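Participant: Just dropping this structure here.
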Amino acid sequence: MYKSTRSKANFVTSMEAIINGIAADGGLYVPNIIPKLNTSIESLLEFNYVELSHYIIKQFLNDFDDKELLDCIKKAYDEKFDTPEILNLVKKQGVYFLELYHGPTLAFKDMALSLLPHLLKNSLERGNFKKEVVILTATSGDTGKAALEGFGGVEGIKIITFYPEGGVSDTQKMQMLTSEGDNTFVVAVNGNFDDTQNEVKGIFNDKVFNEKLMRNNYILSSANSINIGRLIPQIVYYFYSYIKLLKSKDICLNESINFVVPTGNFGNILAGYYAKKMGLPINKLICASNENNVLYHFLQDGIYDRNRPFFMTNSPSMDILISSNLERLLYEVSGKDESVVKGLMKDLAEKGIYEISNSMKSELADFYGGYSLEADTDNTIKEVFSNSHYLIDPHTAVAYSVYKKYLNKTKDSKKTVILSTASPFKFSKSVCTALGINVTGLDDFELMDTLSKVSGIKVPKKLSELKTKKILHNNSCDKHEMKFEIEKLLKV
Ligand SMILES: *Cc1c(COP(=O)(O)O)cnc(C)c1O
1 MYKSTRSKAN FVTSMEAIIN GIAADGGLYV PNIIPKLNTS IESLLEFNYV ELSHYIIKQF
61 LNDFDDKELL DCIKKAYDEK FDTPEILNLV KKQGVYFLEL YHGPTLAFKD MALSLLPHLL
121 KNSLERGNFK KEVVILTATS GDTGKAALEG FGGVEGIKII TFYPEGGVSD TQKMQMLTSE
181 GDNTFVVAVN GNFDDTQNEV KGIFNDKVFN EKLMRNNYIL SSANSINIGR LIPQIVYYFY
241 SYIKLLKSKD ICLNESINFV VPTGNFGNIL AGYYAKKMGL PINKLICASN ENNVLYHFLQ
301 DGIYDRNRPF FMTNSPSMDI LISSNLERLL YEVSGKDESV VKGLMKDLAE KGIYEISNSM
361 KSELADFYGG YSLEADTDNT IKEVFSNSHY LIDPHTAVAY SVYKKYLNKT KDSKKTVILS
421 TASPFKFSKS VCTALGINVT GLDDFELMDT LSKVSGIKVP KKLSELKTKK ILHNNSCDKH
481 EMKFEIEKLL KV
């Protein structure tokens, strides 16, 4: 069963949690109990990605029919990934890069968003749900396209994606604006990601507006990582990479390892925390931020303060000052105390700042926080390429840059996995610049070709084909008009 982080009552099934997206009190759904792995890790060694996903996810989504769940998972992880194993684990620079970007939109969001539409559709069918679901997403660039790709053409569901105008890369923008499917809508918002995400959250909590949609036979749901159906599939690759290291004898059974996660909304790293709670031997979860280092300070001194300048960086998917999923961590480290979470979230909304108690602080030892300045990130891309002839994107570079600092400071020699969250080709301009290539006058497609020549890797087809795709969306609005935009698009 699932419940809100902000109140005691109102248990819902996982299907209801997936359909609703966010709890009625504004809190996030959390599992009442994080299940413990009920077998030894050794017994998982022969599982492929689909089998392991099924094994892990069914422990969280146990109201799903077992066979139907497996069907959903099979449909999610198929040939739309350009590697048969779904992900790659590559040893370079003394660490392991877990490439999570082999899906259709070239970012790790595909790992969950290939599955969420199937889970939602199944939940709607099982619940004999008569309403049409409207997925609202705020995107810092990657979620939007991954959600449009996942939900495009799915019957009974419409998807509206809001992105901050100027806050995404040209490639990300092209990806979204060329999305096909009668049920897809893309809107540029005059504001940054936090504005956009806040407004979307506000819309979810707007009773009058939701009732109006209800009368028109619509119900809102979310494809952001506030939806528990996004979070749970992400637990799987922590286990999968561990198992791969075991099989290749890079680690021994029960050896604990580190994961470094380039973090924005705290969704990916929270999935790692859940994996640890399930029993995966994780030493540190290293939370890597860019110059928007609000999480670094939080992990350092227990004070979350969003009252600070917002920076637009080369890792735009992490340009976030309000990390939504931290609320779920607060819930766990407060000893599942809803009133504490509610109070902290009230402070955040009203004052933009909150401080946690000492006992909560002491529960944060699973994490280590660090950040990378733009110059460090660029140098890291260059260094990894010069030393290992291996291309990484700016988000992954933030992670590796933070790891180097961690290593320097702690001398921790434990094996470490770096989560590679996007293809370098998706951020070709930033990557070329970091490599010292002159980018003036070249568009993203020319830069992809340049990167391809330099690295000897082919431009991923899903990106090169964007060049000839038609732009199908041209909506834009002010951050205060998002609600009206929805009304317009749904004709209510
Ligand atoms: C979304 C995203 C992140 C941040 O992940 P969170 O779950 O929001 O912390 C990092 N890198 C890339 C490329 C992303 O798309």
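When we follow my numbering, the leftmost residue of the sequence shown carries the number 1, and every step to the right adds one.
From the three backbone atoms N, C-alpha and C, an ideal C-beta is built for every residue, glycine too.
Keep in mind the model is a prediction, meaning the values are calculated, not measured.
1. Determine whether the beta carbon atoms of Gly21 and Ser221 lie at a separation below 9 Å.
2. Verify the contact flag: Ala107, CB atom, against every heavy atom of ligand 1, threshold strictly below 8 Å.
3. Indicate, with yes or no, if ligand 1 has a heavy atom lying under 8 Å from the CB of Met318.
4. Could you name each continuous beta strand (DSSP E) segment of 3 residues or more that falls completely within the stretch 157-232, going from the start of the chain to the end?
5. Do Ile381 and Val431 have their beta-carbon atoms positioned less than 9 Å apart in this structure?
6. Would you say Val30 touches ligand 1, meaning its beta carbon is less than 8 Å from a heavy atom?
7. What distance in whole Å lies between the Cβ atoms of Ile286 and Gly370, which are believed to be in contact at a cut-off of 8 Å?
8. Can you find a heavy atom of ligand 1 that lies under 8 Å from the Cβ of Ser222?
9. Can you tell me the Cα-Cα spacing of Thr161 and Leu270, whole angstroms?
10. So Ala17 and Leu116 are in contact, right, with Cβ under 8 Å, and what is the actual spacing, rounded?
11. Please state if the CB of Ala112 and the CB of Leu231 are separated by a distance shorter than 9 Å.
12. Mind checking who Val133 pairs with in its DSSP beta bridge?
13. Where does the unbroken alpha helix (DSSP H) through Glu446 begin, and where does it stop?
14. Hey, would you say the C-beta of His395 is under 8 Å away from at least one heavy atom of ligand 1?
15. Go ahead and label Ser248 buried or exposed: buried means 16 or more other beta carbons lie within 10 angstroms of its beta carbon, across all protein chains shown.
16. Return the CA-CA distance between Glu338 and Ala9, expressed in angstroms with no decimal places.
17. Helix, strand or coil: how does DSSP classify Val341 here?
18. With DSSP collapsed to three states, give me the class of Lys382.
19. For a quick check, are the C-beta atoms of Pro262 and His395 less than 9 Å apart?
20. Under DSSP, the alpha helix (DSSP H) around Ser14 begins and ends at which residues?
21. Would you be able to state if there are at least three C-beta pairs under 8 Å between the stretch 57-76 and the stretch 377-391?
22. Would you say Pro262 touches ligand 1, meaning its beta carbon is less than 8 Å from a heavy atom?
23. Please go through the same chain and pick out, in chain order, the residues whose beta-carbon is closer than 7 Å to the beta-carbon of His297, but skip the five residues on each side of it.
24. Could you have a look at Leu472 and say whether DSSP puts it in helix, strand or coil?
25. Out of Gly264, Lys277, Ser317, which has the shortest C-alpha to C-alpha gap to Leu295?
26. Near Cys581, which residues of its chain fall below 8 Å by C-beta distance, leaving aside the five closest residues on each side in sequence?
27. Using DSSP with H/G/I as helix, E/B as strand and the rest coil, what is Asn314?
28. In chain order, what residues of the same chain have a beta carbon less than 7 Å from the beta carbon of Leu489, not counting five sequence neighbours either side?
29. Can you list, in chain order, the residues of its chain with a C-beta nearer than 7 Å to that of Leu124? Leave out the 5 residues immediately preceding and following it.
30. Based on the DSSP output, what are the partners of Asn258 in its beta bridges?
31. So, are the CB atoms of Gly141 and Gly167 less than 9 Å apart?
32. Helix, strand or coil: how does DSSP classify Lys545 here?
33. Taking only the alpha-carbon atoms, compute the straight-line gap between Ile243 and His480 and give it to the nearest angstrom.
34. So what's Asp376 in DSSP terms, helix, strand or just coil?
35. DSSP three-state call for Ser4: helix, strand or coil?
36. Does ligand 1 have a heavy atom nearer than 8 Å to the CB of Ser430?
Facilitator: Here's the rundown:
1. Start at 1 with the first residue of the sequence shown, and residue 21 comes out as number 21. Start at 1 with the first residue of the sequence shown, and residue 221 comes out as number 221. At the C-beta level, Gly21 and Ser221 come within 9 Å of one another.
2. As a first step, residue 107 is located in the sequence shown; it is residue number 107 there, counting from the start. Correct: Ala107 has its Cβ closer than 8 Å to ligand 1.
3. Position 318 of the sequence shown, counting from 1, holds the residue named residue 318. Under cutoff, so the answer is yes.
4. Counting only runs of 3 or more, we get 157-164, 184-190, 218-222.
5. On the sequence shown, residue 431 is found 431 positions in, with the first residue counted as 1. On the sequence shown, residue 381 is found 381 positions in, with the first residue counted as 1. Result yes, Cβ atoms of Val431 and Ile381 sit closer than 9 Å.
6. Position 30 of the sequence shown, counted from the first residue, corresponds to residue 30. Flag unset: Cβ of Val30 not near ligand 1.
7. Your numbering for residue 370 matches position 370 in the sequence shown. Your numbering for residue 286 matches position 286 in the sequence shown. The pair is a contact, with the Cβ atoms about 7 Å apart (cut-off 8 Å).
8. As a working note, residue 222 is residue 222 in the sequence shown. It does not: the Cβ of Ser222 is nowhere closer than 8 Å to a heavy atom of ligand 1.
9. Within the sequence shown, numbered from 1, the residue matching residue 161 stands at position 161. Within the sequence shown, numbered from 1, the residue matching residue 270 stands at position 270. In this structure, the alpha-carbon of Thr161 lies about 24 Å from that of Leu270.
10. As a first step, residue 17 must be located in the sequence shown, where it is residue number 17. As a first step, residue 116 must be located in the sequence shown, where it is residue number 116. Contact doesn't hold; Cβ gap of about 12 Å is too wide.
11. Here the question's residue 231 lines up with position 231 in the sequence shown. Here the question's residue 112 lines up with position 112 in the sequence shown. Against a cut-off of 9 Å, the Cβ pair of Ala112 and Leu231 comes out as a contact.
12. For the purposes of this step, residue 133 is taken as the residue at position 133 of the sequence shown. Per DSSP, the beta-bridge partners of Val133 are Ile157, Ile219.
13. Position 446 of the sequence shown holds residue 446. Taken as a continuous stretch (DSSP letters only), the alpha helix (DSSP H) holding Glu446 covers 444-455.
14. Within the sequence shown, numbered from 1, the residue matching residue 395 stands at position 395. Checking the Cβ of His395 against ligand 1 gives yes.
15. The count along the sequence shown starts at 1 and reaches residue 248 at position 248. Within a 10 Å sphere around the beta-carbon of Ser248 sit fewer than 16 other beta-carbons, which makes this residue exposed.
16. The residue given as residue 338 occupies position 338 in the sequence shown. The residue given as residue 9 occupies position 9 in the sequence shown. Each residue's CA atom was taken as its position, placing Glu338 and Ala9 some 10 Å apart.
17. For the purposes of this step, residue 341 is taken as the residue at position 341 of the sequence shown. Of the three classes helix, strand and coil, the one that applies to Val341 here is helix, per DSSP.
18. The residue you call residue 382 lines up with position 382 of the sequence shown. Taken through DSSP and simplified to helix, strand or coil, Lys382 comes out as helix.
19. Mapped onto the sequence shown, residue 262 falls at position 262. Mapped onto the sequence shown, residue 395 falls at position 395. Here Pro262 is near His395, since their CB atoms are less than 9 Å apart.
20. Taking the first residue of the sequence shown as position 1, residue 14 is located at position 14. In the DSSP assignment, Ser14 falls within the unbroken alpha helix (DSSP H) covering 14-20.
21. By the Cβ criterion, the stretch 377-391 is not in contact with the stretch 57-76, since fewer than three pairs of Cβ atoms, one from each stretch, lie closer than 8 Å.
22. By 1-based counting over the sequence shown, the position of residue 262 is 262. Flag set: Cβ of Pro262 near ligand 1.
23. Looking up residue 297 in the sequence shown gives position 297. Cβ neighbours of His297 beyond the five flanking positions: Ile303, Asp305.
24. Taking the sequence shown and counting its residues from 1, one reaches residue 472 at position 472. The answer is coil: DSSP assigns Leu472 none of H, G, I, E or B.
25. Locating residue 295 in the sequence shown gives position 295, where the first residue counts as 1. Taking the Cα of Leu295 as reference, the smallest distance to any Cα among Gly264, Lys277, Ser317 is reached at Gly264.
26. Summary: the structure shown does not reach residue 581, with the chain confined to residues 1 through 492, and so no result is reported for it.
27. Here residue 314 is taken as the residue at index 314 of the sequence shown, counted from 1. Residue state, collapsed to three classes: coil.
28. Working through the sequence shown from its first residue, we reach residue 489 at position 489. Taking C-beta separations shorter than 7 Å and ignoring five residues to either side along the sequence, the partners of Leu489 in its chain run Ile160, Phe185, following chain order.
29. Looking up residue 124 in the sequence shown gives position 124. The answer, listed in chain order, is Ile19, Val133, Gly156.
30. One-based indexing of the sequence shown puts residue 258 at position 258. Per DSSP, Thr416.
31. Against the sequence shown, residue 141 aligns to sequence position 141. Against the sequence shown, residue 167 aligns to sequence position 167. The Cβ atoms of Gly141 and Gly167 sit closer than 9 Å to each other.
32. Nothing can be reported for residue 545, as the shown portion of the chain is limited to 1 through 492.
33. Counting from one through the sequence shown, the residue named residue 243 turns up at place 243. Counting from one through the sequence shown, the residue named residue 480 turns up at place 480. Their Cα atoms are separated by approximately 47 Å.
34. Here the question's residue 376 lines up with position 376 in the sequence shown. In the displayed model, Asp376 falls within a helix according to three-state DSSP.
35. For this step, residue 4 is matched to residue 4 along the sequence shown. Three-state DSSP puts Ser4 in a strand.
36. Within the sequence shown, the letter at position 430 stands for residue 430. In this structure, Ser430 has its beta carbon at no less than 8 Å from each heavy atom of ligand 1.
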